[in-house]
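The sequence shown lines up with residues 3 to 137 when you count with the numbering used here.
Glycine included, each C-beta is placed from N, C-alpha and C at the ideal position.
From a predicted model like this one, the values you see are computed outputs, not experimental measurements.
Working notes, structure below.
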Amino acid sequence: MSTVDAAKIWSLNYRVLLSVISCAESEICALGLESKELFLLAEIDEHPFPAELATTLSMPKPTVTVYLKRLEAAGFVRREIDPTDLRRHRLLLTPAGRKVAADGLALLSAEFDKRLGRLTVGQQKELKRLLERIV
(Lines of atoms letter the chains of each structure in order from A; the text may use other names.)
(Lines give C-alpha, C1' and ligand atoms only; values in the text may rest on other atoms or scores of the structure.)
Protein backbone atom coordinates (compact mmCIF):
# COMPACT_ATOMS: atom_id res chain seq x y z
CA MET A 3 0.00 0.00 0.00
CA SER A 4 1.27 3.44 -0.93
CA THR A 5 2.23 5.82 1.87
CA VAL A 6 1.53 8.76 -0.45
CA ASP A 7 -2.01 10.10 -0.67
CA ALA A 8 -2.87 9.51 -4.34
CA ALA A 9 -6.01 11.64 -4.09
CA LYS A 10 -3.95 14.57 -2.82
CA ILE A 11 -1.48 14.24 -5.73
CA TRP A 12 -4.39 14.09 -8.17
CA SER A 13 -5.97 17.14 -6.52
CA LEU A 14 -2.73 19.14 -6.72
CA ASN A 15 -2.29 18.25 -10.38
CA TYR A 16 -5.88 19.24 -11.11
CA ARG A 17 -5.42 22.57 -9.31
CA VAL A 18 -2.30 23.33 -11.36
CA LEU A 19 -4.16 22.63 -14.60
CA LEU A 20 -7.16 24.73 -13.57
CA SER A 21 -5.00 27.64 -12.48
CA VAL A 22 -3.11 27.66 -15.79
CA ILE A 23 -6.35 27.60 -17.78
CA SER A 24 -7.97 30.21 -15.54
CA CYS A 25 -5.04 32.62 -15.86
CA ALA A 26 -4.95 32.27 -19.66
CA GLU A 27 -8.73 32.23 -20.17
CA SER A 28 -9.23 35.94 -20.93
CA GLU A 29 -6.44 35.93 -23.51
CA ILE A 30 -7.81 32.74 -25.06
CA CYS A 31 -11.25 34.38 -25.24
CA ALA A 32 -9.64 37.38 -26.97
CA LEU A 33 -8.62 34.94 -29.73
CA GLY A 34 -12.30 34.11 -30.20
CA LEU A 35 -12.15 30.77 -28.39
CA GLU A 36 -13.25 29.10 -25.21
CA SER A 37 -10.53 27.00 -23.60
CA LYS A 38 -12.37 23.75 -24.42
CA GLU A 39 -12.53 24.80 -28.06
CA LEU A 40 -8.78 25.35 -27.99
CA PHE A 41 -8.21 21.81 -26.73
CA LEU A 42 -10.48 20.53 -29.48
CA LEU A 43 -8.56 22.45 -32.17
CA ALA A 44 -5.27 21.15 -30.78
CA GLU A 45 -6.36 17.53 -31.33
CA ILE A 46 -7.91 17.73 -34.80
CA ASP A 47 -4.74 16.87 -36.73
CA GLU A 48 -4.28 13.64 -34.75
CA HIS A 49 -8.00 12.85 -34.35
CA PRO A 50 -9.82 14.19 -37.42
CA PHE A 51 -13.21 12.61 -36.72
CA PRO A 52 -15.74 14.02 -34.23
CA ALA A 53 -16.26 10.70 -32.42
CA GLU A 54 -12.49 10.31 -31.98
CA LEU A 55 -12.27 13.83 -30.58
CA ALA A 56 -15.03 13.11 -28.09
CA THR A 57 -13.26 9.96 -26.89
CA THR A 58 -9.81 11.57 -26.76
CA LEU A 59 -11.03 14.61 -24.84
CA SER A 60 -13.53 12.69 -22.68
CA MET A 61 -16.29 14.98 -23.89
CA PRO A 62 -19.87 14.00 -24.75
CA LYS A 63 -20.40 13.73 -28.51
CA PRO A 64 -23.19 16.35 -28.52
CA THR A 65 -20.84 18.82 -26.79
CA VAL A 66 -18.16 18.22 -29.41
CA THR A 67 -20.77 18.79 -32.12
CA VAL A 68 -21.77 22.15 -30.62
CA TYR A 69 -18.14 23.28 -30.37
CA LEU A 70 -17.38 22.12 -33.91
CA LYS A 71 -20.33 24.05 -35.32
CA ARG A 72 -19.07 27.18 -33.59
CA LEU A 73 -15.50 26.59 -34.79
CA GLU A 74 -16.75 26.05 -38.35
CA ALA A 75 -18.79 29.26 -38.23
CA ALA A 76 -15.70 31.12 -37.02
CA GLY A 77 -13.70 29.76 -39.96
CA PHE A 78 -11.31 27.70 -37.83
CA VAL A 79 -12.43 24.25 -38.99
CA ARG A 80 -13.84 22.79 -42.17
CA ARG A 81 -15.29 19.38 -42.97
CA GLU A 82 -14.66 17.21 -45.98
CA ILE A 83 -15.94 13.80 -46.96
CA ASP A 84 -13.54 11.06 -45.85
CA PRO A 85 -12.26 9.49 -49.08
CA THR A 86 -11.96 6.08 -47.39
CA ASP A 87 -15.54 6.13 -46.07
CA LEU A 88 -17.95 8.42 -47.89
CA ARG A 89 -20.39 8.31 -44.96
CA ARG A 90 -17.97 10.15 -42.66
CA HIS A 91 -16.71 13.70 -42.49
CA ARG A 92 -13.07 14.42 -41.76
CA LEU A 93 -12.22 17.61 -39.87
CA LEU A 94 -9.47 19.90 -41.08
CA LEU A 95 -8.00 23.00 -39.52
CA THR A 96 -8.13 26.05 -41.73
CA PRO A 97 -5.06 28.32 -41.81
CA ALA A 98 -6.91 30.62 -39.38
CA GLY A 99 -7.70 27.64 -37.14
CA ARG A 100 -4.09 26.50 -37.18
CA LYS A 101 -2.92 29.99 -36.22
CA VAL A 102 -5.45 30.49 -33.43
CA ALA A 103 -4.64 27.02 -32.05
CA ALA A 104 -0.92 27.78 -32.06
CA ASP A 105 -1.50 31.17 -30.43
CA GLY A 106 -3.79 29.67 -27.77
CA LEU A 107 -1.39 26.85 -26.96
CA ALA A 108 1.42 29.40 -26.69
CA LEU A 109 -0.65 31.29 -24.10
CA LEU A 110 -1.18 28.12 -22.06
CA SER A 111 2.47 27.19 -22.41
CA ALA A 112 3.62 30.61 -21.21
CA GLU A 113 1.29 30.42 -18.22
CA PHE A 114 2.47 26.90 -17.35
CA ASP A 115 6.07 28.03 -17.82
CA LYS A 116 5.55 30.53 -14.99
CA ARG A 117 4.80 27.63 -12.67
CA LEU A 118 7.68 25.53 -13.98
CA GLY A 119 9.95 28.50 -13.32
CA ARG A 120 9.49 27.82 -9.60
CA LEU A 121 11.44 24.58 -10.10
CA THR A 122 15.10 24.12 -10.90
CA VAL A 123 15.99 22.74 -14.33
CA GLY A 124 16.73 19.40 -12.67
CA GLN A 125 13.34 19.36 -10.96
CA GLN A 126 11.63 20.21 -14.25
CA LYS A 127 13.39 17.27 -15.94
CA GLU A 128 12.42 14.99 -13.07
CA LEU A 129 8.79 16.13 -13.23
CA LYS A 130 8.74 15.44 -16.97
CA ARG A 131 10.28 12.01 -16.43
CA LEU A 132 7.76 11.13 -13.72
CA LEU A 133 4.77 12.31 -15.77
CA GLU A 134 5.97 10.32 -18.79
CA ARG A 135 6.25 7.26 -16.59
CA ILE A 136 2.71 7.70 -15.26
CA VAL A 137 1.25 8.22 -18.71
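- Residue environment analysis places Leu118 among the exposed positions, since fewer than 16 neighbouring C-beta atoms fall within 10 angstroms of its C-beta.
- Under the criterion of beta carbons closer than 8 Å, Glu113 and Leu94 do not qualify as touching, at roughly 28 Å.
- Per DSSP, Asp84 is not a residue of any alpha helix (DSSP H); the beta strand (DSSP E) it occupies stretches across 79-84.
- The C-beta distance from Ala26 to Leu121 rounds to 19 Å, too long to meet the 8 Å contact threshold.
- Between Leu33 and Asp105 the beta-carbon gap is near 6 Å, inside 8 Å, which marks them as a contact.
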